[in-house]
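Following: one structure in structure tokens, then a few remarks.
Protein chains in written order, with our numbering: chain G, 1459 to 1656; chain U, 1459 to 1656.
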């Protein structure tokens, strides 16, 4: 005999399939949803469908937006000759939050990962190369500092080099406020390699 | 300027309002949902609404079920004279998983919490008292071992005592496999108080 009603089991199963939600959280969420007032549940499902149906990719930088061209690409005050390449819209938002970067972005929507079978053709590289035919001074590669992120950075830099456009990579090292004793060796060595003169 | 499109912000906000989902998880989930194939998103929202619309409370034990009477209450092979009182359907499922309890349950759907303004009238106690008018041998109180759970247990035992029905409380102590050095003092003292002769 199943522990819960079929409807509850199906809901738990669906929720547990989402990223970062384990079986226990899925159970808690399922019961929470079932106990929520009907109109709030209807509202939640509507918000999900609305986002799904209305959010598309910016025709220029491929970030997620509800317009043809995203507000950043449409902003004439920004430096369109400087393009920061990021893996996804969340990484872009992280840099936007700093409020100090006034260039534009290019969102790859992923990173090259031979392990997961994600090749250069699966991320938004073609779109980037088309942009580089225009007037661009610098491409800043801000992919994650992971194996996939580094692989992607290497691949992109090799791809762009022949065009003569300057390609840079964001620095990797000890995080600000980080205690050296708690930081892994790879990061420590990376910080040493990347040392700058004072 | 908002970091994301309005639809995405609204979705993140709704997701972050769910229990156990922080702002970062909500962002990750939102982008995952938007990138999911449309039919899978539609399926997910349908499963949520289906569960919400079809799951109700068992007329006898108040657990969540899609029938009038839940499978456990409808099962004649179980001992209907022994009622285990639990806070919610998940706690009930935890005991069902042991496969060793053959009595029935009563689901309070909460616990008494003066702090949260939840009084005895807000949990399914009336329904329990109605059941006790029938032929019942024992009420096993299996509310959580938290302040609220203990308060609820005390309240229920006082409520039932006058009826002459036997009221018991599940044991509290060191978890099986638990290392004494890692267990908090309250539990250690509770285990000492509850010691049994060998």
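Cβ coordinates follow ideal geometry from the N, Cα and C atoms, glycine included.
- If only complete runs of 3 or more residues are kept, the region 1525-1600 of chain U shows the beta strand (DSSP E) at 1537-1544, 1561-1565 and 1596-1599, in order along the chain.
- Under the 7 Å criterion on CB atoms, residue 1612 of chain U is classed as non-interfacial with respect to chain G.
- One Cα belongs to residue 1624 of chain U, the other to residue 1600 of chain U, and the distance between them is close to 14 Å.
- Under the three-pair Cβ rule at 8 Å, the region 1574-1590 of chain U counts as touching the region 1604-1620 of chain U.
- Contact residues of the region 1462-1487 of chain G toward chain U are 1462, 1463, 1464, 1465, 1466, 1468, 1469, 1472, 1476, 1477, 1478, 1483, 1485, 1486 and 1487 (C-beta to C-beta distance below 7 Å).
- Non-local C-beta neighbours of residue 1626 of chain U in its own chain, meaning closer than 6 Å and more than five positions away in sequence, comprise 1598, ordered along the chain.
- Within the region 1569-1601 of chain G, no residue places its CB atom closer than 9 Å to a CB of chain U.
- Per DSSP, the beta-bridge partners of residue 1515 of chain G are G:1522.
- By DSSP's assignment, residue 1648 of chain G forms no beta bridge with any residue.
- A Cβ-Cβ contact shorter than 7 Å links residue 1509 of chain G with residue 1465 of chain U.
- With respect to residue 1521 of chain G, residue 1550 of chain G sits close: the two C-beta atoms are nearer than 7 Å.
- Identification of chain U residues near residue 1512 of chain G by a Cβ-Cβ cut-off of 7 Å yields 1465, ordered along the chain.
- For residue 1626 of chain G, the enclosing beta strand (DSSP E) has its first and last residue at 1624-1627.
- Secondary structure of residue 1610 of chain G (DSSP, three-state): helix.
- Annotation: the continuous alpha helix (DSSP H) that includes residue 1490 of chain U extends over 1481-1493.
- Rounded to the nearest angstrom, the gap between the Cα atoms of residue 1581 of chain G and residue 1547 of chain G is 13 Å.
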